[in-house]
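**Student:** If you read the protein sequences in the order shown, they are chains D and H. Under this note's numbering, think of the first position of the first sequence as 1, with each following residue one higher. Under this note's numbering, think of the first position of the second sequence as 1, with each following residue one higher. Glycine residues also receive a C-beta, built at the ideal position from the N, C-alpha and C atoms. Below is a structure I'd like to ask you about.
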Amino acid sequence: MRAPLTERLVAAVLRLAPRPFRDRFAGELLATHRARAAERGGVAFALREVAGAVAAVLRLRVGGRSGFQSDGSRSTTRAEGQLAGMLRDLGLAGRGLRRAPGFAVAAVLVTGLGIGASTAIFSALNAFLFRPLPMADSDRLVLVYETNPEFDWTHETAAPANALDWADQVEAFSAVALYSSFTDELTWLREGEPQLLTVVLVSGNFFDVLGVPPAAGRVFRPEESWADGAAENRVVISHAMWQRYFAGDPAVAGRTLELASGVRAEVVGVAPEGFSFPSDGADLWAPWGWDPAAREAVWFRRAHFVRPVARLTPGVSMTAADAQLQTVVGRLQTAYPETNRVMGAGLMPLRDFLVMDVRTSLEVLAGAVLLLMVLAAVNVATLVLLRSGDRTREVALRHALGAGRWRVVRHLAAEGLVLGGVAAALGLAAGVAGVTAVGRLTRLGIDGATAPALDVRVVAFATGLGLLCAILFTLIPAARLWRVPARAALSAAGARGASRGRQGTRALRALVTAEVALGLLLVAGAVLMVRTFQELRQVDAGFRAEGVLAVQLTVPTSRYPERAHVLAFQRDLLAALEGRAGIERAGMVQQLPLGGPGWSSQFQARGWPPERVGLDIVHRRADRGYFEALDIPLVRGRLFEASDGSDTEQVVLVNERFAAMHFPGEDPIGQYIAYDREATEASTWRRIIGIVGDHHQTSVREPPRAEVFEHPEQSEWSRTNWYVVRGAGAAAAHTANVRAVLSQLDPLVPLEQVRTLREVRRAAMATDELVLVVLTVFGFLALVLATVGVYGVTAQAARRRTREIGIRMAVGADGGQVLRLVLLQGAGTVVAGILLGLAAALLLTRAMSGLLYGVTPTDPATLAVVAAVLAGAALVAMLVPALRAARVDPGGLLRAE
Amino acid sequence: MAVTPLTYHILMALADADRHGYGIIKEIGLRLGQDEEPSTGALYVALQRMDGEGLITDTDPPAGEAGEADPRRRYYRLTPAGREAARAESSRLAALLAAARAKDLISATGER
Numbered sequence: 001m002r003a004p005l006t007e008r009l010v011a012a013v014l015r016l017a018p019r020p021f022r023d024r025f026a027g028e029l030l031a032t033h034r035a036r037a038a039e040r041g042g043v044a045f046a047l048r049e050v051a052g053a054v055a056a057v058l059r060l061r062v063g064g065r066s067g068f069q070s071d072g073s074r075s076t077t078r079a080e081g082q083l084a085g086m087l088r089d090l091g092l093a094g095r096g097l098r099r100a101p102g103f104a105v106a107a108v109l110v111t112g113l114g115i116g117a118s119t120a121i122f123s124a125l126n127a128f129l130f131r132p133l134p135m136a137d138s139d140r141l142v143l144v145y146e147t148n149p150e151f152d153w154t155h156e157t158a159a160p161a162n163a164l165d166w167a168d169q170v171e172a173f174s175a176v177a178l179y180s181s182f183t184d185e186l187t188w189l190r191e192g193e194p195q196l197l198t199v200v201l202v203s204g205n206f207f208d209v210l211g212v213p214p215a216a217g218r219v220f221r222p223e224e225s226w227a228d229g230a231a232e233n234r235v236v237i238s239h240a241m242w243q244r245y246f247a248g249d250p251a252v253a254g255r256t257l258e259l260a261s262g263v264r265a266e267v268v269g270v271a272p273e274g275f276s277f278p279s280d281g282a283d284l285w286a287p288w289g290w291d292p293a294a295r296e297a298v299w300f301r302r303a304h305f306v307r308p309v310a311r312l313t314p315g316v317s318m319t320a321a322d323a324q325l326q327t328v329v330g331r332l333q334t335a336y337p338e339t340n341r342v343m344g345a346g347l348m349p350l351r352d353f354l355v356m357d358v359r360t361s362l363e364v365l366a367g368a369v370l371l372l373m374v375l376a377a378v379n380v381a382t383l384v385l386l387r388s389g390d391r392t393r394e395v396a397l398r399h400a401l402g403a404g405r406w407r408v409v410r411h412l413a414a415e416g417l418v419l420g421g422v423a424a425a426l427g428l429a430a431g432v433a434g435v436t437a438v439g440r441l442t443r444l445g446i447d448g449a450t451a452p453a454l455d456v457r458v459v460a461f462a463t464g465l466g467l468l469c470a471i472l473f474t475l476i477p478a479a480r481l482w483r484v485p486a487r488a489a490l491s492a493a494g495a496r497g498a499s500r501g502r503q504g505t506r507a508l509r510a511l512v513t514a515e516v517a518l519g520l521l522l523v524a525g526a527v528l529m530v531r532t533f534q535e536l537r538q539v540d541a542g543f544r545a546e547g548v549l550a551v552q553l554t555v556p557t558s559r560y561p562e563r564a565h566v567l568a569f570q571r572d573l574l575a576a577l578e579g580r581a582g583i584e585r586a587g588m589v590q591q592l593p594l595g596g597p598g599w600s601s602q603f604q605a606r607g608w609p610p611e612r613v614g615l616d617i618v619h620r621r622a623d624r625g626y627f628e629a630l631d632i633p634l635v636r637g638r639l640f641e642a643s644d645g646s647d648t649e650q651v652v653l654v655n656e657r658f659a660a661m662h663f664p665g666e667d668p669i670g671q672y673i674a675y676d677r678e679a680t681e682a683s684t685w686r687r688i689i690g691i692v693g694d695h696h697q698t699s700v701r702e703p704p705r706a707e708v709f710e711h712p713e714q715s716e717w718s719r720t721n722w723y724v725v726r727g728a729g730a731a732a733a734h735t736a737n738v739r740a741v742l743s744q745l746d747p748l749v750p751l752e753q754v755r756t757l758r759e760v761r762r763a764a765m766a767t768d769e770l771v772l773v774v775l776t777v778f779g780f781l782a783l784v785l786a787t788v789g790v791y792g793v794t795a796q797a798a799r800r801r802t803r804e805i806g807i808r809m810a811v812g813a814d815g816g817q818v819l820r821l822v823l824l825q826g827a828g829t830v831v832a833g834i835l836l837g838l839a840a841a842l843l844l845t846r847a848m849s850g851l852l853y854g855v856t857p858t859d860p861a862t863l864a865v866v867a868a869v870l871a872g873a874a875l876v877a878m879l880v881p882a883l884r885a886a887r888v889d890p891g892g893l894l895r896a897e
Numbered sequence: 001m002a003v004t005p006l007t008y009h010i011l012m013a014l015a016d017a018d019r020h021g022y023g024i025i026k027e028i029g030l031r032l033g034q035d036e037e038p039s040t041g042a043l044y045v046a047l048q049r050m051d052g053e054g055l056i057t058d059t060d061p062p063a064g065e066a067g068e069a070d071p072r073r074r075y076y077r078l079t080p081a082g083r084e085a086a087r088a089e090s091s092r093l094a095a096l097l098a099a100a101r102a103k104d105l106i107s108a109t110g111e112r
């Protein structure tokens, strides 16, 4: 069980105490703290304990107050005296704030909220951008990708033959490791029970190049990239798997895993803790074990499926490495025109590649949190100014009693430090809680490499923000109170506040304008994201999700060695599924919609001139049941029939996009196509028999691409496929049906993945959802902060004018007129804030355009709604004090005078 | 020689029994009320200092409390010097109170 947050904070603070104190007292101190916490609890107690621990460490570290007062027999040095003075100031400030609890609580809450939100976002940013990758010298690691302008490839996986040539020929690379761009699943028969494991295929030098030492046993050797005729596969297991299944046995190397495929895998070593690159779920790594003959085979240069990570030779820059890489790429284009004619390559720091997809989201979130922090600071500045207005008298009294200006500033600084410190502690706690909550919603950090954690950077960040706020808390009132003359403020007029300068009022108005503007900006960001999400949800992805369940499974080699066995198993499974009560339709597909594009290629149609090529088409294997289960409409022609099979003519379906893009004005049905850039006599021709509706392949945002659907029995085949079933009732309820069917057919085949098509649809928008949630929370906080700011200033202005209002009412003004008076006074400020916010929104929301869908960053309707929301909130904030003012009893007021 | 209020309260808490840190805090709480109890951090800083000054020393748990206690807990006891310091501070305070009474600030029983 984890210790409560307060105890963890106290323990963390204690780690900074001097060694002798820690060794002797830390354990006991925590035990005592725990006993007290169990008895008392409560936020106030928690805050005091944390603050007490901080003060204790300060005292121990900087010497601080001795046990004796400075006038005692013990001599104190000057520095000790000053420190003692500082600590006394802090104590005084704490007590002073306790006397103004409303102010203290509001200031700490607002700042704490700002710091908390910033800390949460920072810990996420930290995980993506700053936390070290679990690899040696990771800033020397670069990812190399392939490009192909004809296919629109920008950061594509590489063909292994190309990557191996780079490794040999680019001198700037001291070595190149390869890993598979996707994970595989395999079934381990653990004491006879099937257990699904996730495996990442890698090159033999993978661990060496990344600089990852084994926790036990050994890592792979470079030559293990290639099959050496060994009877057993070799695997390195993850630290988690080592702990879970082998209880951390140091002699695990040499144990074997019986796989359901009939293969035995020998465990050669264990990866270190915290390393599961490139996937969080990686249970084990295995070397590819390619046939050495593949090195010269065409497919080895045509199939793109490896991610190369190169280690730069010491002293060589990225630019120099890239120049060398381009030379080699040019050489390969000439040497292998068939596969490499238009193939380019590029490189980027590994970390940049790993965060590429989320960079815009991170930047927008960072920007939003910056705005929120500024808004919180402005809000606190408003509070401090309001309070310093009320404190003129106190300060004047101090002056009158002989305190110098610096003494007053010192007092203010101590107060600022106390507020900033408590706010930082609160913010740190809220931030950690926040990032944990968000982490549950979606994965944060680099897959398999980093995760958010309360590290030194996060604590330093929160502390830094706290200090910054402390400075704000000090400087604003210091500037304001610097010139308070002792006599004037003590006079009766001063006490009532009539002599307060216009300067303070102007500053307050400027702050409120800024608050409204910032609030508008953040609310605008939130509303734009809400609109985007609505639009995305309304996108017709081209398939029906209701009532459809998809399961993935692999037909094992051991009992189904040949292709014919696999096809027979698939036919039996589909027939059994459809025969089951409750299931209306069942089908099979290689890859689910929104799950990625499958493989891409080019084609020529029979009779086309050699220069006409259909570029950038994607492929998917699917049977008739797939289209029917997902309600993907047949536009023209026919679907696959029972008469189509392994031995009959090869037929394919295409989607509407394919027809429009590659056969504009022609009828694709009846055309023959071959997946070759230049078709020859040897080409395999497939006849197009039907056109089906488009569905999104990769994401909801990306429009459907031109796609060809192949008959599962007529194309390359795979043991791993998705099976979809549609029936009455909830999709998830069909899981039991599928399991029952499978256990009758072959109980040793496990379901690898089970997802409803609704989940598939939702998962495709996970990043959008995260940004939406964060921006909505920020927008809401911003609205609250802006409203509070407007309220505070209006209320104070109304209070100051109470006397004037009383007189006005005594001479005949009615409540309505008073109401108008108070509202009009604030209206200018609010309108100015809204206009300023709109101007800023027009400039700044552009940064979001990469995240938006179906709505422009400067969408007038959105901005109008946001302006109206801000105006409405401000009106409510002003109405409360205005109504109070209108109810002033003039008689009572004047009698009190 | 004058001691800080916290030092004095710790000396007082240990005057009639050996106590562990938590016990000292509870004893102080009895006299001052929960809201005026020192933070745990402040207590141990004071304990370390007082130990260094020879006012207190740590000791084994008293018989009967040994078994149930958290093994991390230690008990503290007044040294003769500590007892002397507590006496001296008490007399100093008593003298101050006498002066306050003489000036009619409080009654003999401490009432205002």
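For R73 (chain H), return the contacting residues in chain D, with the cut-off set at a CB-CB distance below 8 Å.
**Tutor:** Chain D residues near R73 (chain H): E28, A31, T32.
**Student:** When burial is assigned at 16 or more other CB atoms within 10 Å of the CB, is R846 (chain D) buried or exposed?
**Tutor:** It counts as exposed.
**Student:** Pop quiz: V306 (chain D) and A158 (chain D) are said to be a contact at Cβ under 8 Å. What is the actual Cβ separation, rounded to whole angstroms?
**Tutor:** Indeed they touch by this definition, with Cβ atoms about 5 Å apart.
**Student:** Looking at C-alpha atoms only, which residue of D:I689, D:E515, D:G217 is the closest neighbour of G254 (chain D)?
**Tutor:** Residue D:G217 is the option with its Cα nearest to G254 (chain D).
**Student:** Where G690 (chain D) and N655 (chain D) are concerned, what is the direct C-alpha to C-alpha distance, given to the nearest angstrom?
**Tutor:** About 8 Å.
**Student:** For T256 (chain D), collect the residues of the same chain with a Cβ closer than 8 Å to its Cβ; drop the 5 residues on either side in sequence, then sort them by chain order.
**Tutor:** The answer, listed in chain order, is E232, R264, A265, E266, V267.
**Student:** Indicate whether the contact test is met: 3 or more Cβ pairs, each with one atom in the region 860–880 of chain D and one in the region 516–529 of chain D, closer than 8 Å.
**Tutor:** Enough Cβ pairs lie closer than 8 Å, so yes.
**Student:** If you draw a straight line from the alpha carbon of R73 (chain H) to that of G21 (chain H), how long is it in whole angstroms?
**Tutor:** Taking the straight line joining both Cα atoms gives about 8 Å.
**Student:** Can the beta-carbon of G204 (chain D) be found less than 8 Å from the beta-carbon of E223 (chain D)?
**Tutor:** Yes, the pair counts as a contact, with Cβ atoms nearer than the cut-off.
**Student:** What does G52 (chain D) reach in chain H if we use C-beta pairs closer than 8 Å?
**Tutor:** Within chain H, the residues near G52 (chain D) are P38, S39, T40, G41, A42.
**Student:** Quick check: what's the CA-CA separation for Q602 (chain D) versus R295 (chain D)?
**Tutor:** Rounded to the nearest angstrom, the two C-alpha atoms are 24 Å apart.
**Student:** Quickly, what does DSSP pair L284 (chain D) with across the bridge? List them, please.
**Tutor:** In the DSSP output, where bridge partners are listed per residue, L284 (chain D) has D:V199, D:I237.
**Student:** Around the Cβ of T684 (chain D), are there at least 16 other Cβ atoms within 10 angstroms (buried) or fewer (exposed)?
**Tutor:** The residue is exposed, with fewer than 16 neighbouring Cβ atoms inside 10 Å.
**Student:** Check whether the Cβ atoms of L419 (chain D) and A107 (chain D) sit closer than 8 Å, and answer yes or no.
**Tutor:** Yes, the pair counts as a contact, with Cβ atoms nearer than the cut-off.
**Student:** For F461 (chain D), which option in D:I446, D:A449, D:V432, D:V438 has the closest C-alpha, if you only look at C-alpha atoms?
**Tutor:** Residue D:V432 is the option with its Cα nearest to F461 (chain D).
**Student:** Ignore the nearest five residues each way along the sequence and tell me which others in L14 (chain H)'s own chain have a CB closer than 8 Å to its CB.
**Tutor:** So the qualifying residues of the chain are I24, I56, Y76, R77, L78, G82.
**Student:** Can you pull the chain H neighbours of E49 (chain D), defined as C-beta to C-beta under 8 Å?
**Tutor:** Here the neighbours are S39, T40, G41.
**Student:** To be precise: take each residue of the region 33–45 of chain D, compare its Cβ to all Cβ atoms of chain H, and keep it if any distance is under 8 Å. Which residues remain?
**Tutor:** Going along the region 33–45 of chain D in chain order, one finds H33, A35, R36, R40 with a Cβ nearer than 8 Å to chain H.
**Student:** Could you tell me the alpha carbon to alpha carbon distance between W717 (chain D) and M765 (chain D), rounded to whole angstroms?
**Tutor:** Taking the straight line joining both Cα atoms gives about 30 Å.
**Student:** Taking buried to mean at least 16 other C-beta atoms within 10 Å of its own C-beta, is L178 (chain D) buried or exposed?
**Tutor:** Flag for L178 (chain D) reads buried.
**Student:** Do the CB positions of A335 (chain D) and I121 (chain D) come within less than 8 Å of each other?
**Tutor:** It is not a contact, given that the beta carbons lie outside the stated cut-off.
**Student:** Hey, does G82 (chain H) have any beta-carbon neighbour from chain D nearer than 8 Å?
**Tutor:** Chain D, which has no Cβ nearer than 8 Å to the Cβ of G82 (chain H), makes this no.
**Student:** Any beta-carbon of chain D closer than 8 Å to the one on Y22 (chain H)?
**Tutor:** Interface residue, yes.
**Student:** Starting from the C-beta of G67 (chain D), find all residues in its chain whose C-beta is less than 7 Å away, skip the five residues before and the five after it, and write them out in chain order.
**Tutor:** Only weak support exists for where G67 (chain D) lies, its pLDDT of 38 falling under 50; the value from the coordinates is given anyway. For G67 (chain D), where only same-chain residues beyond five positions count, there are no Cβ hits under 7 Å.
**Student:** Between the Cα of T4 (chain H) and the Cα atoms of H:L105, H:L43, H:P62, H:S107, which residue gives the shortest distance?
**Tutor:** Of the candidates H:L105, H:L43, H:P62, H:S107, the one whose C-alpha sits nearest the C-alpha of T4 (chain H) is H:L43.
**Student:** Rounded to the nearest angstrom, what separates S276 (chain D) and T187 (chain D) at their Cα positions?
**Tutor:** Going by the C-alpha atoms only, they are around 19 Å apart.
**Student:** Pull out every residue of the region 409–437 of chain D whose Cβ sits closer than 9 Å to any Cβ of chain H, in chain order.
**Tutor:** Hits within the stretch: zero.
**Student:** Just checking my contact of S225 (chain D) with L284 (chain D) at CB under 8 Å: how many whole Å lie between their CB atoms?
**Tutor:** Actually they are not in contact, since the Cβ atoms of S225 (chain D) and L284 (chain D) sit about 17 Å apart, beyond 8 Å.
**Student:** Can you give me the Cβ contacts of R457 (chain D) inside the same chain, cut-off strictly under 7 Å, excluding the 5 residues immediately before and after it?
**Tutor:** Excluding sequence neighbours, R457 (chain D) sits near N126, F130.
**Student:** Using 8 Å as the limit for Cβ to Cβ distance, is L60 (chain D) near chain H?
**Tutor:** Yes, contact with chain H.
**Student:** Assign V176 (chain D) to one of three DSSP states: helix, strand, or coil.
**Tutor:** Strand at V176 (chain D).
**Student:** Let me see if you follow: with CB-CB separation under 8 Å, is A55 (chain D) close to chain H or not?
**Tutor:** So, interface residue.
**Student:** Only counting runs of 4 or more residues, tell me where the alpha helix (DSSP H) segments fall wholly within the region 389–469 of chain D, in order along the chain.
**Tutor:** You should have 405–441.
**Student:** Chain D beta carbons: is any one of them nearer than 8 Å to that of I25 (chain H)?
**Tutor:** It does: the Cβ of I25 (chain H) has a partner Cβ on chain D nearer than 8 Å.
**Student:** Residues of chain H with CB closer than 9 Å to the CB of F21 (chain D), please, in chain order.
**Tutor:** Y44, V45, Q48, listed in chain order.
**Student:** Give the straight-line distance between the Cα atoms of A11 (chain D) and L30 (chain D), rounded to the nearest whole angstrom.
**Tutor:** One C-alpha to the other measures close to 7 Å.
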